[in-house]
Amino acid sequence: MPSSTQAKVVTLPSAKLPLPIVLGAVGLTLITVMMLLVSDGNLVVALVPTILLGVVWYMTVKPVAHSLIVLFGVCLLMHNPGMRPHDGNWDGPLQPVGRLLYDNLRNIVGVDALRFNAIEAVLFFLALLILLRWLVGSRIDNPEGTSAARPLKLALGLCLVTLFAWIAWGIARGGNSQQMLWQTRQIMWAPLMSAMFIHAFRTPKWHRALGFIIIGVAIVRCLDGIYFFYGMVKPRALFVEYSITHEDSMLLITTVVMLAAMMLERPTKRTLLTVMSIFPIIAVGLVVNHRRLAYVSLAMSLIAVFLLINVNLRRRIIRWMLIGAPVLILYVGAGVAAKGESIIFFPIRSLVSVADTKNASNQTRDIENYNLLYTYRDAPLLGLGFGHEYNEVSVAYDISHAMPNYRYIAHNSVLWLLMLCGGIGFAGMWLYYVVSIFLGARVYRLTTDPDIAVGALTSVAAVICFIFQAFGDMGMIGWMGVLLLSAANAVVATSATRVGAWSDVGTPAPKAQAHSSGVESEEPLRAEQIA
């Protein structure tokens, strides 16, 4: 007979993997082996399908903010080859990955139908994911139920509706459909990406993350430009128009305003040390990039900040300016009188050159602006529609051999958009810039949180920089401008409802407070409250 102490054997049921997982694993293994054979044993190429599958899985199960914050940082950091970094004299370490991001996939894969880049592919996938989650009522992207300012969302929607209406208007008038796609690419993604950022980045935590990324990327790109200027341009006596890219003007000016806002709102020793360690790098990078439009944007952004801040802070700044006026006057005078190419006085010479009627760049821009306004007179209300070019009644330089389609895209994006869309279409597409600045100003005035105040000032400056970049140098068709504009719209749209700067009809506005949780803040008060 069996012993009473004999252990009883328990049989566990065997675990079975679901058939789709088994088939997927087998298929992925076969694809990996096939890629390994095709690539002559290249392990990196062979693992691409597995990596892509892992990325797609992560994007699907996590809040969309995780994917967008990575996309935002990587796209800002990597150079867009279309912007000709370093004036085409050096690829640099930031360009190879940038080529994979910004070049059309047809140039990389070799399939002519893929006339979009990797950024657009990711954005399209995330847009479908957001739509699907909205249809099924998922709250994974907004567990707290935080709302965003309705006027900005409506203005973004109006921009998209107007855009597609004027695309149809242009095609109906015989516009070139291929050139229309080139004209509207970034213009279409600007409101779409803004809406996606608003959906994803709803809390101050994400807003601070956006700020850290902007500062970090600005430092890296400045170091990249400084190395190029002092390591290649100066030793080889090269002539370059810029050291980083045209688009970096907006990034660097946004960063400068953010640092200034930090000093205004958190005047502590820690803030001072942080700003003093970062600002010299940004300043040198700004100077060696050699873009006079940057200084115009900086001046306009600082004027906007000056008009928004508290009266007491404004008086303090005026006193500091009066104290430093003699030094400033000497610097301006020396800069105006300086000869040669000393970068110390380049900001002053750049601002002076803006009003120089003998400057060749100014003359060509004036001629182009005249052509745009002359064309605008043919259809002042409805415009020509997208897919059309401006009439070149006055010719500056013939650049058709280098850029045959140059009349479809003008340097002055503002007058160009006015010419294409007329007064009615321009108003519909331009409104969300005004709404964003308005909401940013209200957020700044009503918030008691220094971080939100910094975000509001920075966002207003980013929109202003975008407008000046658009007016001065094709700013509406650049990816960096669209990224920074989308981040600014996200910050002001969600901060507006958080601090009570805007509330939907029938919903009481939340009381302005330092933290949305209602817990008393232990953070220092804003400088204007102390004053």
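Counting from 7, one number per residue, gives the positions in the sequence shown under the numbering used here.
For glycine and all other residues, C-beta sits at the position ideal for the given N, C-alpha and C.
Computed from a prediction, not measured in an experiment: that's the story for all the values here.
1. Tell me whether Asn495 is buried or exposed, calling it buried when 16 or more other Cβ atoms sit within 10 Å of its Cβ.
2. Just reading off the alpha helix (DSSP H) that Asp254 is part of, what are its end residues?
3. At what residues does the alpha helix (DSSP H) containing Ala196 begin and finish?
4. Do the region 248-263 and the region 469-480 meet, that is, are 3 or more Cβ pairs less than 8 Å apart?
5. What did DSSP end up calling Pro332 once you bin it into helix, strand or coil?
6. Would you identify the three-state DSSP class for Tyr337, choosing helix, strand or coil?
7. Distance check for Leu452 and Pro514, CA to CA, integer angstroms please.
8. Starting from the Cα of Asp372, find the closest Cα among Asp479, Tyr236, Ser501, Met256 and give me that residue.
9. Considering only the beta carbon of each residue, do Leu421 and Asn375 sit closer than 7 Å?
10. Measuring alpha carbon to alpha carbon, tell me which of Ile354, Leu319, Arg321 ends up nearest Leu334.
11. If the criterion is Cβ atoms closer than 7 Å, does the pair Asn123 and Asn110 meet it?
12. To which residues of the same chain is Gly484 closer than 6 Å at the C-beta, ignoring the five residues directly before and after it?
13. Just the Cα atoms here: how many angstroms apart are Ser527 and Pro273?
14. Starting from the N-terminal side, write out each stretch of the alpha helix (DSSP H) that is 4 residues or longer and does not extend beyond the region 58-119.
15. Roughly how many angstroms lie between the CA atoms of Trp175 and Leu437, to the nearest whole one?
16. Should Asn418 go down as buried or exposed, given a rule of 16 or more other Cβ atoms within 10 Å for buried?
17. Can you have a look at Gln189 and say buried or exposed, based on whether 16 or more other CB atoms are within 10 angstroms of its CB?
18. Compute the Euclidean distance between the alpha carbons of Gly512 and Ala462, then round it to the nearest angstrom.
19. Is it the case that the Cβ atoms of Ile250 and Gly231 are separated by a distance below 7 Å?
20. Considering Val460, what are the terminal residues of the alpha helix (DSSP H) in which it resides?
21. So, with DSSP's three-state summary, where would you put Pro516?
22. Taking just the CA atoms, how far does Gly60 sit from Val67?
23. Tell me where the alpha helix (DSSP H) around Arg448 begins and ends.
24. For Ile146, report the span of its alpha helix (DSSP H) as first-last.
25. Quick check on this structure: which residue in Ile177, Cys228, Leu137 has the alpha carbon closest to the alpha carbon of Ala201?
26. Report all residues from its chain with a CB closer than 8 Å to the CB of Val167; omit the five preceding and five following residues, and keep chain order.
27. Out of Ile177, Thr454, Lys240, Thr503, point me to the one whose CA is closest to His394's CA.
28. Quick check on this structure: which residue in Pro55, Leu74, Ile329, Ala310 has the alpha carbon closest to the alpha carbon of Phe203?
29. Could you check the C-alpha separation between Gln192 and Val128 for me, to the nearest Å?
30. Suppose contacts are defined by Cβ-Cβ distances below 7 Å. Is Leu162 in contact with Pro197 by that definition?
31. Can you grab the Cα-Cα spacing for the pair Ile430 / Asn182, in whole Å?
32. Go to Arg298, then tell me how far its alpha helix (DSSP H) extends in each direction, as first and last residue.
33. If I'm right that Asp147 touches Pro55 with Cβ under 8 Å, what's the distance once you round it to whole angstroms?
34. Taking only three categories from DSSP, how would you classify Arg383?
From the atom records:
1. buried
2. 254-271
3. 183-206
4. yes
5. helix
6. helix
7. Residue placement at Pro514 is poorly supported in this model, since its pLDDT is 46, which falls under 50; the coordinates still yield a value, given next. C-alpha separation (whole angstroms): 15 Å.
8. Asp479
9. yes
10. Ile354
11. yes
12. Glu253
13. Per-residue confidence for Ser527 stands at a pLDDT of 40, beneath the threshold of 50, marking its modelled position as unreliable; the derived number appears in the next sentence. One C-alpha to the other measures close to 17 Å.
14. 70-83, 101-108, 111-115
15. 20 Å
16. buried
17. buried
18. Confidence at Gly512 is low in this model, with a pLDDT of 43, below 50, so its placement is unreliable and no value can be given for it.
19. yes
20. 456-478
21. Annotation note: pLDDT 49 at Pro516 (below 50); position unreliable, no value reported.
22. 11 Å
23. 419-452
24. That residue, Ile146, is in no alpha helix (DSSP H); it is neither H nor E in DSSP.
25. Leu137
26. Gly434
27. Ile177
28. Leu74
29. 15 Å
30. yes
31. 22 Å
32. 298-314
33. Their Cβ separation, rounded to whole angstroms, is 28 Å, which puts Asp147 and Pro55 out of contact at 8 Å.
34. coil
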